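Peer 1:
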Amino acid sequence: MELNQQKELFSKAYVRAVAAVAGFSIDLLELDFDSIDLQITAASGDGSVYFPELKLQLKCTSRDVIDGDYIRYPLKVKNYNDLRRNALVPRILVVVLVPENLEDWLQQSEAELCMRNCAYWMSLRGQTETQNIANVTVSLPRSNQFTVEALKSMIQRISEGSLP
Numbered sequence: 070m071e072l073n074q075q076k077e078l079f080s081k082a083y084v085r086a087v088a089a090v091a092g093f094s095i096d097l098l099e100l101d102f103d104s105i106d107l108q109i110t111a112a113s114g115d116g117s118v119y120f121p122e123l124k125l126q127l128k129c130t131s132r133d134v135i136d137g138d139y140i141r142y143p144l145k146v147k148n149y150n151d152l153r154r155n156a157l158v159p160r161i162l163v164v165v166l167v168p169e170n171l172e173d174w175l176q177q178s179e180a181e182l183c184m185r186n187c188a189y190w191m192s193l194r195g196q197t198e199t200q201n202i203a204n205v206t207v208s209l210p211r212s213n214q215f216t217v218e219a220l221k222s223m224i225q226r227i228s229e230g231s232l233p
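Structure, rendered in structure tokens:
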């Protein structure tokens with residue numbers, strides 16, 4: 070299997086683990102024609118929106134993209150434009166950072182399963198149009214870690230009719 074395929078599978082497993090602990094279901098979309106890899110759905114909702122949903126574009130990289138308080142990730146213009154649009158179901162970009170060495174991505178014992186390193190998220194909704202042709206470097210705040218609590222908060226805000 071190619072390394073990029075392994076990165077794709079690892080990023081999906083990472084998000085699935087977070088969603089499972091948060092108590093949400095994951096839907097794999099048949100085709101990725103609008104830059105969406107997964108959809109997360111809550112079984113209910115405390116707000117005005119019942120069955121709140123969130124769509125995700127997943128990326129995984131072992132490149133050195135940490136720059137101070139930000140993850141600076143070069144996103145293809147097509148993905149950038151798809152994610153910045155005003156869509157009915159909110160969309161976010163999730164970037165999973167992994168170590169350079171494949172063998173360091175996962176450590177397993179009887180006591181724990183450790184996935185390395187971390188995932189970060191950002192909504193690009195409403196971002197300005199770009200004149201770039203190939204890539205747009207997006208700056209994800211390192212404070213936006215894709216955690217169980219962060220996901221629960223996003224789904225709660227969506228159930229209240231707000232954005233992630």
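Numbering (this note's numbering), first residue to last: 70 to 233. Just so it is clear, CB atoms sit at the ideal spot from N, CA and C, and this is done for glycine as well. Here the structure is a predicted model, which is why all the values come from computation and not from measurement.
On the premise that PHE79 lies in contact with GLY165, defined as a C-beta separation below 8 Å, what is that separation, rounded to the nearest angstrom?
Peer 2: Sequence check: residue 165 is Val here, not Gly. Indeed, because the Cβ distance is near 7 Å, the residues count as touching under 8 Å.
Peer 1: Below 7 Å CB to CB, which residues in the same chain sit around LEU152 once its five sequence neighbours on both sides are set aside?
Peer 2: Correct list, in chain order: SER104, GLN126, ARG160, LEU162 and LEU193.
Peer 1: Could you give the DSSP three-state label for ARG132: helix, strand or coil?
Peer 2: Coil.
Peer 1: If LYS81 sits next to VAL167, beta carbons under 8 Å apart, how far is it from one beta carbon to the other, in whole angstroms?
Peer 2: About 13 Å; that fails the 8 Å criterion.
Peer 1: Just checking my contact of VAL205 with LEU144 at CB under 8 Å: how many whole Å lie between their CB atoms?
Peer 2: Correct: roughly 5 Å between the Cβ atoms.
Peer 1: So ASP173 is in the alpha helix (DSSP H); what residue range does that whole segment cover?
Peer 2: Premise fails: ASP173 is in no alpha helix (DSSP H) and is neither H nor E.
Peer 1: Please determine, among ASN170, VAL217 and GLU181, the residue with the shortest C-alpha to C-alpha distance to ARG132.
Peer 2: ARG132 has its Cα closest to that of ASN170, out of ASN170, VAL217 and GLU181.
Peer 1: Between TYR142 and THR130, which are expected to be in contact by the criterion C-beta below 8 Å, what is the C-beta distance as a whole number of angstroms?
Peer 2: Confirmed, Cβ separation roughly 7 Å.
Peer 1: ASN73: buried (16+ other C-beta within 10 angstroms of its C-beta) or exposed?
Peer 2: With fewer than 16 other Cβ atoms within 10 Å, it is exposed.
Peer 1: When DSSP builds the beta bridges, which residues end up paired with VAL164?
Peer 2: Note: VAL164 sits in a beta bridge opposite LYS128 and TYR189.
Peer 1: Tell me which same chain residues have a C-beta within less than 8 Å of the C-beta of MET184, skipping the five on either side of it?
Peer 2: Once the five neighbours on either side are set aside, the close Cβ partners of MET184 are PHE79, ALA82, TYR83, ALA86, TRP174 and LEU175.
Peer 1: I think GLY114 touches SER222, with their Cβ atoms under 8 Å apart; what is that distance to the nearest whole Å?
Peer 2: Between SER222 and GLY114 the Cβ distance is about 13 Å, and since that is not below 8 Å, they are no contact.
Peer 1: When we look at the beta-carbon of ASN213 and count the other beta-carbons within 10 Å, is it buried (16 or more) or exposed?
Peer 2: By the neighbour-count rule (16 or more Cβ atoms within 10 Å), ASN213 is buried.
Peer 1: Using the Cβ count rule (16 or more neighbours within 10 Å means buried), how would you classify LEU98?
Peer 2: It is exposed - the Cβ of LEU98 has fewer than 16 other Cβ atoms within 10 Å.
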